[in-house]
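Colleague: Let me begin by handing over the structure; questions about it come next.
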Amino acid sequence: MTPASPAPLVEAKGLTRVFDVSKPWLNRIIEGERKAYLRAVSGISFAIGRRETLALVGESGSGKSTVARMVVGLLRPTAGAVTIDGIDMWAPARVAERQTLRRRLQMIFQDPYASLNPRWRVDRIIADPIKAFELAKDKAEMEHRVAELLTLVGLDPADGAKYPHEFSGGQRQRICIARALSSNPEFIVCDEPTSALDVSVQAQILNLMRDLQDRLDLSYLFISHNLAVVRHMATRIGVMYLGRVVELAPVAELFAAPRHPYTRLLMDALPDLGMTGRPRRPIEGEIPNPIAPPPGCAFHPRCPWAFEPCRVEVPELIERSGRAAACHAIEAGRI
Amino acid sequence: MSEPVLSVRNLKVAFPTRRATLTAVDDVTFSIAAGEVLGVVGESGAGKSLTGAAIIGLLEPPGRIMGGEVRLGAERIDNLSPEEMRKVRGRRIGMVFQDPLTSLNPLYRIGDQIVETIRTHADVSEGQARERAIALLEEAGIQGARARIDSYPHEFSGGMRQRVVLALALCAEPELLIADEPTTALDVSIQAQIIALLKRLCRERGTAVMLITHDMGVIAETADRVAVMYAGRIAEIGPVRDVVKHPRHPYTKGLMGAIPTVGAHASRLVQIPGSMPRLAAIPKGCAFHPRCAYAFDRCRIERPEGLEAGNSKVACWLAVEQPAGASA
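From first to last, the protein sequence lines stand for chains A and B.
Counting in the numbering used here, the first sequence tops out at residue 335, every number present.
Counting in the numbering used here, the second sequence tops out at residue 663, every number present.
The following block contains the structure:
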């Protein structure tokens, strides 16, 4: 990052989300069970600068999509705050400001089949945000803008008259991107935008997203389970495990020298496409149940470096020279 | 050379519809030797799963085999009656699918399902079958199998269920295992575990494996040979090292370049323009020619068959001919 960079565009502080997963009241009474809570995300903090891409990677159940939904304002955090350009997303006193903020952030979802209304024509889908935020003076300007957006994402302006079912998965994801761009956002949250797509189509979409970032000065929060995709897209990467960020580092440094045991093991577990003969070492065990996570560091039952403090105390994310890791073994100099 | 476990010759699978007959698998030829893992890779709609379904006789009507032959050992199995085919499935060909929950009956304990399968295919007592099931589950990496054999599928995690399915597929000691996207629904760390398990179990038993996946990484990791499919045809087939490191077919080249890797960092991924043709509109000649940067006149007219190129077979005219003024 350049030293001249001003305050970050997006800031998350101590984001936490707890879901109530209890059985219904009557069942609890009959079966004598207590309420059950699931901590999907606990105390996550990060900042995203302008034109930066922060990626969150993790396996299923690590809480990455919950973070995305909280950042974009679809889910109220149990604790903590999200501020975008200095405006708190959830402060009740600033409802009006929040409304104007909505225009500046958009989201792209994983499933391009589920996120487009099948009964609407594509031009209506793309024009909807323009209408909602009153960004066009008249119908002619709106049509012009929709055509412009379709061209921008590599589709034909004539495609606007078609319905979503007439398009392939990759083309639908382009439509989703056009819709996200229609309100001139500065910040886009992308939740697994290519994991439903084939590799050759994925390459087209990833290239497009990077081109658009350069052209329109966008910032991305990029959620993915695929380390290779993240490597291609991100400026910085946060690795999540069971609701916490365990390591946060610039992309080149993370891949050159992963520090946290989980990151190391995750990289070892990746398939070796270069066929270098590197042995692929599977991580032992599985992600624990988030309703009853292990005490201390959540990764300790699978960690070959675990020692006494790991079983007792949750390690904090400690920053050193631009990169951060949450690990007792690193702090104790054991790794 | 000994006889291959599976040999597929000129297999053609088609779906007759009112308007036209759609050919989903077109003239596919390959074989798998004992103990060998053949990876079949391709994008959605390339026909890889249908090839697998045709081999085990599980094509959904109206899809049917319209030509070619499938041999298991010396025996032809594509023209068996459904009743005879049922005896081949499970006993001689094991199957693993993407979603372990669809392969397991949620209402039966996993032990009962394995015991039933063993007793269907082998003449053993209930007790013997149960002991064998426990040994198999242990081997598949389920710790404390004796205590967990009476659990229901929902009591296992996704990775554990796939281990159970693998044990179930191998319990009759089949000669051939067809695994259709066995790790696609799993997280990377679990994926690595299942791949390692699959390789170990099949190597120990000398089982031939047809591994169907869209993930080149899994192929590079697991397969001995790989077949790349495009629009129902095999574009390239050869030793995995040759295909991954030195792809010869322009489609394979594009596909390899399109995959983001954690190693070398490229600023842009290779993009193959367009998308795979629909079955109703497969172009004449080479199916890939409208998207191919190297296409020349012959590609538009004549369909290339598997042409020898080194240790591989490539369905591309460039393997035998250099058009004037073009360079690959």
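Using N, Cα and C, we set each Cβ at its ideal position, and we do this for glycine too.
Could you work out which residues of chain B lie near A:MET267, taking near to mean beta carbons separated by less than 8 Å?
Modeller: The residue you call residue 267 of chain A lines up with position 267 of the first sequence. Ordered by position in chain B, the residues that pass the 8 Å Cβ test against A:MET267 are VAL597.
Colleague: To be precise: take each residue of the segment 51-82 of chain A, compare its Cβ to all Cβ atoms of chain B, and keep it if any distance is under 7 Å. Which residues remain?
Modeller: If the cut-off is 7 Å between Cβ atoms, the segment 51-82 of chain A has GLU59 and SER60 near chain B.
Colleague: Kindly indicate which three-state DSSP category A:LYS13 falls into: helix, strand or coil?
Modeller: Position 13 of the first sequence, counted from the first residue, corresponds to residue 13 of chain A. Strand.
Colleague: Of all Cβ atoms in chain B, is any one closer than 8 Å to the Cβ of A:PRO293?
Modeller: Here residue 293 of chain A corresponds to residue number 293 of the first sequence, with the count starting at 1. By this cut-off, A:PRO293 is not an interface position.
Colleague: Are A:PRO298 and A:ARG244 touching if we call contact CB-CB under 8 Å?
Modeller: Walking along the first sequence from the start, residue 298 of chain A turns up at place 298. Walking along the first sequence from the start, residue 244 of chain A turns up at place 244. Contrary to the premise, residue 298 of chain A reads as Ala rather than Pro in this sequence. For A:ALA298 and A:ARG244, yes; Cβs fall inside 8 Å.
Colleague: Rank A:GLU186, A:ALA234 and A:GLU331 by C-alpha distance to the C-alpha of A:LEU216 and give the top, closest one.
Modeller: What you label residue 216 of chain A is simply residue 216 of the first sequence in a count that begins at 1. The candidate whose alpha carbon is nearest that of A:LEU216 is A:GLU186.
Colleague: Along the segment 459-481 of chain B, where does the CB come closer than 7 Å to a CB of chain D? Name the residues.
Modeller: Of the chains in the structure shown, none is chain D; the protein chains are A and B.
Colleague: Buried or exposed: where does A:TRP25 fall if 16 or more other Cβ atoms within 10 Å of its Cβ makes it buried?
Modeller: Walking along the first sequence from the start, residue 25 of chain A turns up at place 25. By the 10 Å Cβ count, A:TRP25 comes out exposed.
Colleague: If you draw a straight line from the C-alpha of B:ALA468 to the C-alpha of A:VAL72, how long is it?
Modeller: The residue given as residue 468 of chain B occupies position 133 in the second sequence. The residue given as residue 72 of chain A occupies position 72 in the first sequence. When rounded, the distance between both Cα atoms is 50 Å.
Colleague: To the nearest angstrom, how far is the alpha carbon of B:SER662 from that of B:TYR629?
Modeller: To locate residue 662 of chain B, count along the second sequence from 1; it is residue 327. To locate residue 629 of chain B, count along the second sequence from 1; it is residue 294. At B:SER662, the pLDDT of 46 sits below 50, so the modelled position is not reliable; the number obtained from the coordinates is stated separately. In a straight line, the C-alpha of B:SER662 is about 8 Å away from that of B:TYR629.
Colleague: Would you check if there are 3 or more beta carbon pairs closer than 8 Å linking the segment 147-167 of chain A to the segment 107-121 of chain A?
Modeller: The segment 147-167 of chain A, when compared against the segment 107-121 of chain A, does touch it at the 8 Å Cβ threshold.
Colleague: Report buried or exposed for A:LYS198, applying the criterion of at least 16 other Cβ atoms within 10 angstroms of its Cβ.
Modeller: Position 198 of the first sequence, counted from the start, is the residue given in the question as residue 198 of chain A. First, the residue type needs correcting, since residue 198 of chain A is Asp and not Lys in the sequence shown. Buried is the call here.
Colleague: Going by DSSP, what residue range makes up the alpha helix (DSSP H) through B:SER384?
Modeller: Indexing the second sequence from 1 puts residue 384 of chain B at position 49. Residues 383-390.
Colleague: Quick one, which of A:ASN207, A:ASP211 and A:ILE108 has its alpha-carbon nearest A:CYS176's?
Modeller: Looking up residue 176 of chain A in the first sequence gives position 176. Ranking A:ASN207, A:ASP211 and A:ILE108 by Cα distance to A:CYS176 puts A:ILE108 first.
Colleague: Give the interface partners of A:ASN117 over in chain B, defined as CB-CB distance under 8 Å, in chain order.
Modeller: Here the question's residue 117 of chain A lines up with position 117 in the first sequence. Residues of chain B passing the Cβ test: none, with the nearest at roughly 23 Å.
Colleague: Give the C-beta separation of B:VAL513 and B:ILE390 to the nearest angstrom, bearing in mind that I take them to be a contact with Cβ-Cβ under 8 Å.
Modeller: Taking the first residue of the second sequence as position 1, residue 513 of chain B is located at position 178. Taking the first residue of the second sequence as position 1, residue 390 of chain B is located at position 55. Looking at the sequence shown, residue 513 of chain B is not Val but Ile. That belief holds up - the Cβ atoms of B:ILE513 and B:ILE390 are roughly 7 Å apart, short of 8 Å.
Colleague: Does the segment 124-133 of chain A touch the segment 226-241 of chain A, meaning 3 or more C-beta pairs lie closer than 8 Å?
Modeller: These segments do not touch.
Colleague: By DSSP's criteria, A:VAL67 is part of a beta bridge. Which residues make up the other side?
Modeller: Here the question's residue 67 of chain A lines up with position 67 in the first sequence. DSSP lists no partner for A:VAL67.
Colleague: Determine which residues of the segment 551-562 of chain B have a Cβ less than 9 Å from any Cβ of chain A, and write them out in chain order.
Modeller: Here the close residues are MET551, GLY552, VAL553, ILE554, ALA555, GLU556 and THR557.
Colleague: May I ask you to report which of helix, strand or coil DSSP gives B:ILE547?
Modeller: The residue labelled residue 547 of chain B in the question sits at position 212 within the second sequence. Looking at B:ILE547 - three-state DSSP - the assignment turns out to be strand.
Colleague: The alpha helix (DSSP H) spanning A:ASP211 covers which residue range?
Modeller: Residue 211 of chain A sits at position 211 when you count from the first residue of the first sequence. It spans 199-216 - the alpha helix (DSSP H) in which A:ASP211 sits, taken as one unbroken run.
Colleague: For A:GLU166, would you say it is in contact with chain B, using Cβ-to-Cβ distances shorter than 8 Å as the test?
Modeller: Working through the first sequence from its first residue, we reach residue 166 of chain A at position 166. So, not an interface residue.
Colleague: According to DSSP, simplified to helix, strand and coil, what is B:ILE554?
Modeller: On the second sequence, residue 554 of chain B is found 219 positions in, with the first residue counted as 1. Helix at B:ILE554.
Colleague: Where does A:THR2 fall in DSSP's three states?
Modeller: Taking the first residue of the first sequence as position 1, residue 2 of chain A is located at position 2. Confidence in A:THR2 is poor, its pLDDT being 43 and thus under 50, which makes the residue's placement too unreliable to answer from.
Colleague: Based on DSSP bridge pairs, tell me the residues matched to B:PRO351.
Modeller: The count along the second sequence starts at 1 and reaches residue 351 of chain B at position 16. For B:PRO351, which the question treats as bridged, DSSP gives the partners B:THR356.
Colleague: Would you call the CB atoms of B:PRO639 and B:ALA566 closer than 8 Å?
Modeller: The residue given as residue 639 of chain B occupies position 304 in the second sequence. The residue given as residue 566 of chain B occupies position 231 in the second sequence. No, the Cβ-Cβ distance between B:PRO639 and B:ALA566 is not below 8 Å.
Colleague: Is the shortest distance between the beta-carbon of B:VAL375 and the beta-carbons of chain A less than 8 Å?
Modeller: Here residue 375 of chain B corresponds to residue number 40 of the second sequence, with the count starting at 1. No, B:VAL375 does not count as interfacial toward chain A.
Colleague: With a threshold of 7 Å on Cβ separation, who are the neighbours of A:SER42 within its own chain once the five nearest residues in sequence on each side are excluded?
Modeller: For the purposes of this step, residue 42 of chain A is identified with residue 42 of the first sequence, where counting begins at 1. Once the five neighbours on either side are set aside, the close Cβ partners of A:SER42 are THR16, GLY243 and ARG244.
Colleague: With DSSP run on the structure shown, which of helix, strand or coil describes B:LYS648?
Modeller: For the purposes of this step, residue 648 of chain B is taken as residue 313 along the second sequence, with counting starting at 1. It is a strand residue.
Colleague: By Cβ distance, which residues of its chain are closer than 6 Å to A:LEU208, with the 5 residues on each side in sequence left out?
Modeller: Sequence index remark: in the first sequence, residue 208 of chain A carries index 208 (1-based). Once the five neighbours on either side are set aside, A:LEU208 has no close Cβ partner at all.
Colleague: Which residues of the segment 227-255 of chain A have a Cβ closer than 9 Å to any Cβ of chain B? Give them in chain order.
Modeller: Those residues of the segment 227-255 of chain A that come within reach of chain B (Cβ to Cβ, closer than 9 Å) are LEU227, ALA228, VAL229, VAL230, ARG231, HIS232, MET233, VAL251, ALA252 and PHE255.
Colleague: Verify whether the separation of the beta carbon atoms of B:ALA562 and B:PHE432 is less than 8 Å.
Modeller: Here residue 562 of chain B refers to the residue found at position 227 of the second sequence. Here residue 432 of chain B refers to the residue found at position 97 of the second sequence. No, the pair does not count as a contact, with Cβ atoms beyond the cut-off.
Colleague: Going by beta-carbon coordinates alone, are B:LEU471 and B:ILE445 separated by less than 8 Å?
Modeller: Against the second sequence, residue 471 of chain B aligns to sequence position 136. Against the second sequence, residue 445 of chain B aligns to sequence position 110. No, the Cβ-Cβ distance between B:LEU471 and B:ILE445 is not below 8 Å.
Colleague: Return the chain-ordered list of same chain residues with a C-beta closer than 6 Å to the C-beta of A:LYS35, the five sequence neighbours on each side being excluded.
Modeller: On the first sequence, position 35 is the one that residue 35 of chain A refers to. Hits under 6 Å: SER22.
Colleague: If you drop the 5 nearest sequence neighbours on each side, which residues of the same chain put their C-beta closer than 6 Å to that of A:ALA306?
Modeller: Position 306 of the first sequence, counted from the start, is the residue given in the question as residue 306 of chain A. If we look at A:ALA306 and ignore the five residues flanking it on each side, its Cβ neighbours are HIS300.
Colleague: Tell me which residues share the same chain as A:VAL153 and place their Cβ nearer than 6 Å to its Cβ, disregarding the 5 neighbours each side in the sequence.
Modeller: Counted from its first residue, the first sequence places residue 153 of chain A at position 153. ARG174, ILE177 and ALA178, listed in sequence order.
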